[in-house]
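These protein sequence lines map, in sequence, to chains Y and S. So in the numbering used here, the last one in the first sequence is 625, and the numbering has no gaps at all. So in the numbering used here, the last one in the second sequence is 584, and the numbering has no gaps at all.
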Amino acid sequence: MNLMSIFSQWIIEQGPAFLIVLPLLMGAVTAVIPNKGMAWWITFFVTIICTYTAFSLFQHVYFDSFLLYTMGGWNPPHGISLIVDGLSAPILLLISVMAVLTVIYALPASISEIEPKKRAPFYAAFLICFAGLMGMVITGDAFNVFVFLEVSSISTYALVAMGAARDRRSLAAAYNYLIMGSIGATFFVIGLGFLFMETGTLNMAEMSDILSELDGGSRVSKVGYGFIIVGLGLKIAMFPLHTWLPRAYAYAPTKITIFLASTATKAAIYLLLRFTFTVFDPSFDYIAIMLKYLIMGVAIVGMAFASFQAIFQSDVRRVLAYSSVAQVGYILLGIGIATSSGLAAGYLHLLNHAVIKGCLFISVGAFWYRFGITRVNDFSGLFKTMPLTMGAFTLGGLSLIGVPFTAGFVSKVKLILAAAEQDMWWAVLVIVFSSVLAIVYIGRIILFAYFGTPPKINGSILVKNEAPLMMLFPMWTLGLMSIAIGVNAFGIGDSFVSASEIAASVLLGERG
Amino acid sequence: MIDFLQINPGIWLILSGLICTIIPHTPFTQLYRKCLVVCAPIFTAFMITQIFTSDIAIGGLISIAGIELTTLRIDNLSMVWGYLFCLIGILNGIYGLHEKCKITDSAALIYSGAAVAGVLSGDLLTLFLFWELTAISSVFLVWRGGEHAYAAGVRYLALHVLSGVILLIGAVIHAKFNGGSYAFNHIGLQNLGGWLILLAIGIKCGFPFLHMWMQDAYPKASITGTVILSAFTTKMAIYTLARGYVGTDILIYIGAVMTCFPVFFALVENDLRRVLSFSLNNQLGFMVCGIGIGTELAINGVVGQVFVHVIFKSLLFMSIGAVIYRVGTAKASELGGLFRSMPITALFCLIGAGSIAAFPLLAAFVTKAMIISSVIYEAHHNSVLYLIAAMLLFASAGVMEHSGIKVPYFTFFSHDSGRRVKEAPWNMLVAMGLAASLCIFLAFPWGGYQMLYNLLPYEANYKPYTVDHVVFQLQLLFAAITAFCLLKKSGLYPAEKRSEILDFDWFYRKCGFDLLKSINLGWNTLDAKISNITRSAYGSVNKCLYGVFSPIGSFSKAAPSGLASVMTAAMLILVLIIVYFVR
Numbered sequence: 114m115n116l117m118s119i120f121s122q123w124i125i126e127q128g129p130a131f132l133i134v135l136p137l138l139m140g141a142v143t144a145v146i147p148n149k150g151m152a153w154w155i156t157f158f159v160t161i162i163c164t165y166t167a168f169s170l171f172q173h174v175y176f177d178s179f180l181l182y183t184m185g186g187w188n189p190p191h192g193i194s195l196i197v198d199g200l201s202a203p204i205l206l207l208i209s210v211m212a213v214l215t216v217i218y219a220l221p222a223s224i225s226e227i228e229p230k231k232r233a234p235f236y237a238a239f240l241i242c243f244a245g246l247m248g249m250v251i252t253g254d255a256f257n258v259f260v261f262l263e264v265s266s267i268s269t270y271a272l273v274a275m276g277a278a279r280d281r282r283s284l285a286a287a288y289n290y291l292i293m294g295s296i297g298a299t300f301f302v303i304g305l306g307f308l309f310m311e312t313g314t315l316n317m318a319e320m321s322d323i324l325s326e327l328d329g330g331s332r333v334s335k336v337g338y339g340f341i342i343v344g345l346g347l348k349i350a351m352f353p354l355h356t357w358l359p360r361a362y363a364y365a366p367t368k369i370t371i372f373l374a375s376t377a378t379k380a381a382i383y384l385l386l387r388f389t390f391t392v393f394d395p396s397f398d399y400i401a402i403m404l405k406y407l408i409m410g411v412a413i414v415g416m417a418f419a420s421f422q423a424i425f426q427s428d429v430r431r432v433l434a435y436s437s438v439a440q441v442g443y444i445l446l447g448i449g450i451a452t453s454s455g456l457a458a459g460y461l462h463l464l465n466h467a468v469i470k471g472c473l474f475i476s477v478g479a480f481w482y483r484f485g486i487t488r489v490n491d492f493s494g495l496f497k498t499m500p501l502t503m504g505a506f507t508l509g510g511l512s513l514i515g516v517p518f519t520a521g522f523v524s525k526v527k528l529i530l531a532a533a534e535q536d537m538w539w540a541v542l543v544i545v546f547s548s549v550l551a552i553v554y555i556g557r558i559i560l561f562a563y564f565g566t567p568p569k570i571n572g573s574i575l576v577k578n579e580a581p582l583m584m585l586f587p588m589w590t591l592g593l594m595s596i597a598i599g600v601n602a603f604g605i606g607d608s609f610v611s612a613s614e615i616a617a618s619v620l621l622g623e624r625g
Numbered sequence: 002m003i004d005f006l007q008i009n010p011g012i013w014l015i016l017s018g019l020i021c022t023i024i025p026h027t028p029f030t031q032l033y034r035k036c037l038v039v040c041a042p043i044f045t046a047f048m049i050t051q052i053f054t055s056d057i058a059i060g061g062l063i064s065i066a067g068i069e070l071t072t073l074r075i076d077n078l079s080m081v082w083g084y085l086f087c088l089i090g091i092l093n094g095i096y097g098l099h100e101k102c103k104i105t106d107s108a109a110l111i112y113s114g115a116a117v118a119g120v121l122s123g124d125l126l127t128l129f130l131f132w133e134l135t136a137i138s139s140v141f142l143v144w145r146g147g148e149h150a151y152a153a154g155v156r157y158l159a160l161h162v163l164s165g166v167i168l169l170i171g172a173v174i175h176a177k178f179n180g181g182s183y184a185f186n187h188i189g190l191q192n193l194g195g196w197l198i199l200l201a202i203g204i205k206c207g208f209p210f211l212h213m214w215m216q217d218a219y220p221k222a223s224i225t226g227t228v229i230l231s232a233f234t235t236k237m238a239i240y241t242l243a244r245g246y247v248g249t250d251i252l253i254y255i256g257a258v259m260t261c262f263p264v265f266f267a268l269v270e271n272d273l274r275r276v277l278s279f280s281l282n283n284q285l286g287f288m289v290c291g292i293g294i295g296t297e298l299a300i301n302g303v304v305g306q307v308f309v310h311v312i313f314k315s316l317l318f319m320s321i322g323a324v325i326y327r328v329g330t331a332k333a334s335e336l337g338g339l340f341r342s343m344p345i346t347a348l349f350c351l352i353g354a355g356s357i358a359a360f361p362l363l364a365a366f367v368t369k370a371m372i373i374s375s376v377i378y379e380a381h382h383n384s385v386l387y388l389i390a391a392m393l394l395f396a397s398a399g400v401m402e403h404s405g406i407k408v409p410y411f412t413f414f415s416h417d418s419g420r421r422v423k424e425a426p427w428n429m430l431v432a433m434g435l436a437a438s439l440c441i442f443l444a445f446p447w448g449g450y451q452m453l454y455n456l457l458p459y460e461a462n463y464k465p466y467t468v469d470h471v472v473f474q475l476q477l478l479f480a481a482i483t484a485f486c487l488l489k490k491s492g493l494y495p496a497e498k499r500s501e502i503l504d505f506d507w508f509y510r511k512c513g514f515d516l517l518k519s520i521n522l523g524w525n526t527l528d529a530k531i532s533n534i535t536r537s538a539y540g541s542v543n544k545c546l547y548g549v550f551s552p553i554g555s556f557s558k559a560a561p562s563g564l565a566s567v568m569t570a571a572m573l574i575l576v577l578i579i580v581y582f583v584r
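Spelled out as structure tokens, the structure:
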């Protein structure tokens with residue numbers, strides 16, 4: 114056995130713990146390291162290593178089965194276990210890839226956004242947030258979920274507040290986010306408390322077994338579920354609980370917006386799936402009713418409302434933020450349908466939306482980096498001054514609308530098919546309607562950029578001023594990725610689709 | 002391996018037409034193209050002989066979306082049309098050999114192919130397909146007539162595409178009433194579908210008030226274009242009538258009116274190609290009437306009439322076409338005395354004119370009589386038919402008047418126009434010669450007409466050459482000639498003048514145009530009003546949406562944390578209510 118295979122064996126065996134411990138540890142190191150220049154390199158390598166690990170785990174899960182890692186050798190239910198299965202592995206990979214791309218983007222962006230002395234703490238907080246998100250997804254222990262949720266949330270509040278160097282409103286946004294996030298986390302932990310009362314365990318698998326023996330449990334577990342869903346709903350930015358999101362996205366440092374938009378809400382949606390389908394069971398009466406009325410209801414209303422709201426925004430980052438709320442609606446709709454095709458479609462849209470929104474926010478960040486603009490009107494003639502960046506934005510925008518041969522089209526079509534399968538034609542109608550609204554809010558920006566004239570400065574037209582390579586690389590990676598999913602280049606589209614189908618089968622208990 | 006005998010032979014013609022379109026346009030390839038134009042119909046006829054070996058040949062069964070299509074059906078009836086279209090395709094090909102026009106060649110091939118495929122199709126959907134294809138391919142022939150033909154071509158196309166659409170609607174309704182079967186057999190007028198299909202056919206074969214496209218478009222097409230056009234479209238329509246509406250009473254009356262009214266128009270018309278178009282319409286009337294009678298004798302008469310009619314009508318159009326080719330006009334007022342310079346063409350024209358007028362020993366004599374006799378036989382049961390028979394006789398005399406006398410007289414005789422031109426090109430003469438000899442041969446009393454009768458769908462024991470028939474026909478014809486002479490002498494005969502006569506299409510064009518103008522005006526007013534209303538409605542909706550969703554709108558105000566917390570609590574209450582109480 115050569116060194117390489119020993120190494121990959123070790124990655125499979127110890128990877129799950131490694132994914133949490135490494136960024137957590139290095140976060141602490143980064144915070145205290147004297148050489149400030151090292152912080153970026155440490156963060157970069159940590160995220161690269163985590164991506165590699167997550168990819169190995171993903172491959173392992175994709176081809177074999179799920180992994181159960183017991184912390185310190187203590188077996189569940191007494192010890193803490195980490196679970197990597199078809200549901201969590203793609204999200205782990207997604208979070209770590211987005212972290213790498215964000216870090217690449219962050220090198221030039223930090224120069225203008227973060228004061229030099231705050232850069233090392235910034236990267237430390239970023240690593241801790243990253244660790245928290247990974248922990249939320251990977252852990253098999255319900256209370257651990259709360260812990261990691263708080264780890265990631267608290268570091269996120271700090272990160273959002275760092276936008277104050279650019280825009281003082283970020284402080285208010287961060288404060289608002291802090292209050293709402295804490296309420297969410299509190300609700301979540303109250304819900305866990307009820308569940309613990311009912312089942313006497315904190316291990317998810319154990320909890321699930323006991324609950325199904327109790328046939329869904331008593332009123333206590335119902336109340337517990339209610340608290341959990343509202344708590345997670347806040348984190349997800351489920352429609353009426355989304356009020357913190359636009360401001361947090363708009364005033365945070367651009368790289369944090371990128372990272373939050375493509376990972377934080379996704380991790381929370383993962384938790385919603387995990388609790389609803391594997392801890393509880395959709396065959397319980399109250400879960401089914403909840404999915405049918407609450408989840409689908411807020412999904413439908415949110416899609417329409419948030420899309421309308423996006424149309425009227427004047428700040429591009431707020432447009433994209435409201436669009437995120439609408440896209441969460443699509444994902445929740447898929448979940449609410451609760452058939453295997455519906456879940457797969459929702460899950461696929463979750464992955465695709467992360468890719469699309471990452472691309473869009475990176476390009477908007479690049480516009481801000483070069484010209485300090487975020488308002489829609491300022492996009493006039495941007496295609497002439499930043500053609501490559503605008504090209505990536507266009508790819509992302511088309512994908513968000515759901516133009517054929519893009520990622521958005523694939524998942525929206527699957528969603529429509531899943532809804533049509535259940536004869537939910539009204540849902541199909543809302544999806545199409547909301548996509549039309551997406552044409553309006555994205556088209557408005559694109560029209561300005563392509564057909565407007567570049568502004569004149571001192572009587573001469575602004576010269577071409579393309580974004581730096583470090584920004585172009587991640588945005589084009591994601592832009593081309595969304596096209597690759599749409600046209601199934603190199604089998605990428607198929608692997609996304611089959612990952613989502615595997616996740617759906619895990620959720621419905623058809624796969625170990 | 003594709004079984005070639007399963008393919009509708011018309012496809013070969015369409016295919017060769019498509020090949021024509023891609024052959025590059027040089028003098029050398031011209032030769033190949035012309036070979037193709039003449040050989041493709043021969044090959045198609047050969048394929049029909051290969052396929053049609055027994056009483057009925059069915060093939061090309063395709064099932065599309067649960068609908069069974071019979072794309073190939075050759076029986077006693079459709080076989081006649083198949084051969085006839087191939088034959089006339091060859092004659093037209095020879096007639097057009099001198100013309101160096103790629104569009105005409107390919108359009109002619111596709112058009113004739115669509116017509117062959119249409120009559121050989123066994124279901125209404127395939128028929129619809131080729132029905133539309135004839136319209137689309139033939140309009141190019143009209144447009145080849147030059148600038149002034151453009152509008153006529155557009156009218157022609159619009160009407161024929163409309164006819165196809167009506168056919169499709171009718172077919173769908175008809176299939177609904179027949180358990181979803183699109184099979185093309187007897188249709189009748191039992192349901193709305195039958196009526197709609199009849200209307201579609203009526204447009205194609207020029208029922209009264211639906212006929213004007215014929216006199217509008219045919220005279221404006223190019224020289225060869227008119228010849229080709231006159232052969233296929235209307236005869237295809239006659240076939241569908243003969244297939245679907247045998248013995249439908251209403252057709253008797255429609256047919257009788259069709260035979261009579263063009264006579265008057267033809268008398269006063271100056272453009273000889275229009276005269277021939279009117280006479281074409283009149284001839285179709287005989288066929289429609291015969292189909293309405295529906296006895297074996299009548300159907301035999303119709304089929305025979307179609308066969309010879311295509312030949313002599315083409316012959317007439319060809320001879321007038323040759324005159325246009327040499328002289329440049331077909332206006333009766335500009336022509337005259339051409340027998341001196343174009344004697345052979347004049348002879349062929351006379352043979353054609355005699356055929357259409359049913360002179361003994363010439364084509365129509367052996368067929369038209371069958372139709373009229375069948376009317377008279379049926380009149381024993383229904384005395385109204387005596388009137389019909391009288392109308393047909395009047396129309397026969399009228400045919401003699403305008404096609405038999407007027408066309409050759411004003412072209413080749415009459416007063417000398419002083420024009421001295423060359424004889425028609427050799428290929429035109431060959432084509433006309435072949436057609437003329439067919440006219441004579443198919444009515445030849447000793448072995449000629451019997452061959453024609455063998456083609457007919459029913460056993461024909463009709464004897465055309467009886468003394469009373471010959472004498473009666475001659476009397477009729479000489480009466481017509483006498484009338485012509487008397488009118489001419491006394492100056493009562495309408496002089497050939499350069500004028501346009503107004504047909505019924507005046508109604509469509511003038512009133513229709515006025516109607517459209519007023520509708521347009523009304524629409525504009527309405528549109529302005531509606532757009533005012535929508536603009537203000539849109540404005541207020543927009544304002545409403547803006548008030549709700551915009552950054553300064555009620556929903557986008559920076560929600561204080563307290564309000565958001567209350568919202569969260571409300572959400573929790575809602576969730577708990579759902580969990581507890583909704584069942």
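Cβ atoms here follow ideal geometry from the backbone N, Cα and C, with glycine treated the same way. Model, not experiment: these values are computed from the prediction.
In the structure shown, the three-state DSSP call for S/K407 is helix. DSSP places Y/N316 in the strand class (E or B) of the three-state scheme. Between the stretch 66-83 of chain S and the stretch 291-298 of chain S, the count of Cβ pairs shorter than 8 Å is below three; the stretches do not touch.
CA-to-CA, the gap between Y/S194 and Y/L385 works out to about 19 Å. Look at Y/T356: its C-beta is under 8 Å from a C-beta on chain S. The alpha-carbon of S/F287 is positioned some 47 Å away from that of S/N525. No Cβ-Cβ contact shorter than 8 Å links S/A347 with S/I95. Taken in chain order, the complete alpha helix (DSSP H) segments of 4 or more residues contained in the stretch 22-73 of chain S are 28-52.
For chain S, the residues of the stretch 415-442 of chain Y that bring a beta carbon within less than 8 Å of one of its beta carbons are F418, F421, Q422, I424, F425, Q426, S427, D428 and R431, in chain order. Under the three-state reduction of DSSP, S/T249 is assigned to coil, being neither helix nor strand.
Look at Y/Y364: its C-beta is not under 8 Å from any C-beta on chain S. Put simply, the CB of Y/P353 is near chain S, with a gap under 8 Å to one of its CB atoms. If the five residues before and after Y/I552 are omitted, its C-beta is found closer than 7 Å to the C-beta atoms of I514, all from its own chain and listed in chain order. Taken in chain order, the members of the stretch 528-550 of chain S whose beta-carbon sits within less than 9 Å of a beta-carbon on chain Y are L546, Y547, V549 and F550. Annotation: Y/N490 has no Cβ neighbours in chain S at a cutoff of 9 Å; minimum Cβ distance is about 13 Å. Residues of chain Y with a Cβ closer than 8 Å to the Cβ of S/V580 are, in chain order, K335, V336, Y338, G339, Y399, I402 and M403.
Against chain Y, a Cβ distance below 9 Å from S/V567 picks out nothing, because the smallest value is about 11 Å.
Scanning the stretch 152-238 of chain Y for uninterrupted alpha helix (DSSP H) segments of 4 residues or longer gives 201-226, listed from N- to C-terminal end. The C-alpha of Y/F301 is placed about 8 Å away from the C-alpha of Y/I342. Straight across, the Cα-Cα distance linking Y/S375 with Y/V468 is about 7 Å. Not flagged as an interface residue toward chain S: Y/G294, since no C-beta distance is shorter than 8 Å. Between S/V143 and S/G226, the CB-CB gap stays under 8 Å. Per the C-alpha coordinates, the member of S/V580, S/I574, S/A176 and S/T569 positioned closest to Y/I349 is S/T569.
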